[in-house]
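All you need for this note's numbering is the position in the sequence shown, starting with 1, plus 181.
A virtual CB, placed ideally from N, CA and C, is assigned to each residue, including glycine.
Please read all numbers here as calculations on a predicted model, not as lab measurements.
The next block holds one structure in the form of structure tokens; read it before the comments.
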Amino acid sequence: MQHADRSPPLRMAILGAGPIGLEAAIYGRSLGHDVVVFEKAEVASAVHSWHHVRLFSPWSMNQTPLGKRRLAQAGYPATDPDVCPTGAEFVSQYLLPLSRDPLLDGRLRLSSRVVAVGRNGLLKGDLIGQAGRVRHPFRMLIEGRTGEHVEHADVVLDCTGTYDCPNAIGDGGIPAPGERWLGDRLVRHPPDVLGQDRVRFADKRVLVVGGGLSAATAVCALTRLCREAPRTEVVWAVRSTRLTPYDPPHEIGHDPLPGRDRLIREANDLAHAATGKPLRFLPGAFVDAMSAEGHRMRVTLRLGNQHIQDELFDEVIGLTGYSPDNSLYRELQIHECYASRGPMKLAASLLSLGVGSGDCLAQPTPGPETLKNPEPRFYILGAKSYGRNSAFLLRTGHAQVRGVYALLHEDPGLDLYGHSGARQVPVMADETVVC
182 MQHADRSPPL RMAILGAGPI GLEAAIYGRS LGHDVVVFEK AEVASAVHSW
232 HHVRLFSPWS MNQTPLGKRR LAQAGYPATD PDVCPTGAEF VSQYLLPLSR
282 DPLLDGRLRL SSRVVAVGRN GLLKGDLIGQ AGRVRHPFRM LIEGRTGEHV
332 EHADVVLDCT GTYDCPNAIG DGGIPAPGER WLGDRLVRHP PDVLGQDRVR
382 FADKRVLVVG GGLSAATAVC ALTRLCREAP RTEVVWAVRS TRLTPYDPPH
432 EIGHDPLPGR DRLIREANDL AHAATGKPLR FLPGAFVDAM SAEGHRMRVT
482 LRLGNQHIQD ELFDEVIGLT GYSPDNSLYR ELQIHECYAS RGPMKLAASL
532 LSLGVGSGDC LAQPTPGPET LKNPEPRFYI LGAKSYGRNS AFLLRTGHAQ
582 VRGVYALLHE DPGLDLYGHS GARQVPVMAD ETVVC
């Protein structure tokens, strides 16, 4: 089969084998590029860590047309587009099969952490803002099972996410005294309270810090546990001074994501009805200090100018959000937002579009040009591109994948996802995708 002319293959390094990294890899390989994916752990390890959590969004929002086509060709059954999968189902029915696609055969470098990315022969301050930097290949230090080595690439897509970088629990966004020393004794991701972590929390005194939906998920699960293990006590501390943690506009009954609506209603009802046992709700609360005291932890909580001393807990769950780790590209010319810590062009666009100030489903997706950095051919995709802004959706990441390849090919019409009005695009393995 004859194909139209296309851009010459690029050496592409994709950092992270999560949902966006895998999509970017399949897309790039479909276009014939020399793609290698570097993953510090295993495929979709972050998603697997919240395997017990059910997504608010259905399959139709979490898969791409290209990914579904590839899995259908390999004989995998189709998913119900209206069903919301759990993290475990997302991994087993989509992400793992996608990672086993023949296009990615030999392309995944697991247990390979990218320590740092620079440019051959250049320092951060050389050729400031100049396109000439592109003539110097990216140089990456990789730490693997057998030690360290260097790899090179023409293009780098950072899809490493933020899940491994939880925000501090202490007031002001910095660690409270003693917080760093507690380390792994603190729970920083939504625990499987009703499953494999049940023994850890049953009949224990638990502090939950955070006012997001992850905290709501943990609190709702803990209160269910209280019915089975009645000695379980929960204290829920949030910064907001509202009597319920979530704004009423979410409760109008027309939320397009029913699972999110149910969670918000349940969390608000629990906070409103909290009487101290099994749940005590503390609005306007801040963590001032933490320390170990035998098998328990002592936490100083502050409510305004009032200090509540001698609060002992068996477990502390800090779900205060996540931030990007920019140490990986400190030698590159990346312009970051001083507030969100995301790439500046994208952060400014999100601010102008009001992204993060309302329902994430109703917010527009910024265009491909916002993905550009002063560092040519280095792109930050996925949740990390939104920095501390939690409004990121997987479908936004899919649009970013499509957009970044359109930029690389200097072809706005390039589209392997099958959107209406797009042109026919040649792909690998003697296939032609009608888009």
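| Query | Result |
| --- | --- |
| contact_flag[the segment 475 to 494, the segment 312 to 332] where n(CB pairs < 8 Å) is 3 or more | no |
| With 16 other Cβ atoms within 10 Å as the buried cut-off, status of Lys249 | buried |
| Backbone secondary structure at Arg583 - three-state DSSP | helix |
| Paired residues, beta bridge with Met525 - DSSP | Paired residue(s): none; Met525 is not in a bridge. |
| Classification of Pro262 by the beta-carbon crowding that lies within 10 angstroms, buried from 16 upward | exposed |
| Cβ pair count under 8 Å reaching 3, the segment 300 to 313 against the segment 217 to 232 | no |
| Cα-Cα separation, Val315 to Cys407 | 58 Å |
| Coil, strand or helix - Leu303 by DSSP | strand |
| Secondary structure of Pro200, DSSP reduced to three states | helix |
| Span of the beta strand (DSSP E), counted from its first residue to its last, around Arg479 | Arg477 to Leu484 |
| Local Cβ density within 10 Å of Ala454, reported as buried at 16 or more and exposed below that | exposed |
| Separation of Ile309 from Phe271, as counted between CA atoms | 42 Å |
| Whole-angstrom distance between Glu556 and Ile195, CA atom to CA atom | 16 Å |
| C-beta contact flag for Val582 and Leu552 at 8 Å | no |
| Candidates Asn507, Leu388, Gly584 and Asp469, of which the one nearest Gly457 by Cα | Leu388 |
| Proximity winner among Gly393, Tyr560, Asp495 and Leu493, relative to Pro524 (alpha-carbon distances) | Tyr560 |
| Same chain only: Cβ atoms within 7 Å of Arg569, ignoring 5 sequence neighbours per side | Gly502, Ser504, Ser521 and Arg522 |
| Boundaries (first-last residue) of the alpha helix (DSSP H) holding Arg441 | Pro439 to Ala454 |
| Ile652 classed as buried or exposed, judged by whether at least 16 other C-beta atoms fall within 10 angstroms | Outside the displayed span of the chain (182 to 616) sits residue 652, for which this structure offers no information. |
| At least three beta-carbon pairs within less than 8 Å, the segment 403 to 419 to the segment 368 to 377 | yes |
| Complete beta strand (DSSP E) runs within the segment 204 to 292 (minimum length 3 residues, chain order) | 215 to 219 |
| Stretch-stretch touch, CB-based, cutoff 8 Å, three pairs: the segment 285 to 298 with the segment 207 to 226 | yes |
| Beta-carbon proximity check, Asp450 vs Asp442, cutoff 8 Å | no |
| Residues that DSSP places opposite Ser472 in a beta bridge | Arg479 |
| Closest Cα partner of Glu414 within the set Gly440, Leu542 and Arg381 | Arg381 |
| Phe382 in three-state terms, based on DSSP | helix |
| Ordered list of alpha helix (DSSP H) runs contained in the segment 533 to 566, each at least 4 residues | none |
| For Ala418, the first and last residue of its enclosing beta strand (DSSP E) | Glu414 to Ala418 |
| With 16 other Cβ atoms within 10 Å as the buried cut-off, status of Ile433 | With a pLDDT of only 43 at Ile433, under 50, the local geometry of the prediction cannot be trusted, and no value is derived from it. |
| Arg483 versus Val400 - alpha carbon distance | 20 Å |
| Buried versus exposed, by CB contacts within 10 Å (16 or more), Arg288 | buried |
| Separation of Asp592 from Ala580, as counted between CA atoms | 15 Å |
| Distance between Lys526 and Tyr519 (C-alpha atoms, nearest Å) | 12 Å |
| Cβ distance (whole Å) where Leu438 is taken to contact Ser238 below 8 Å | 6 Å |
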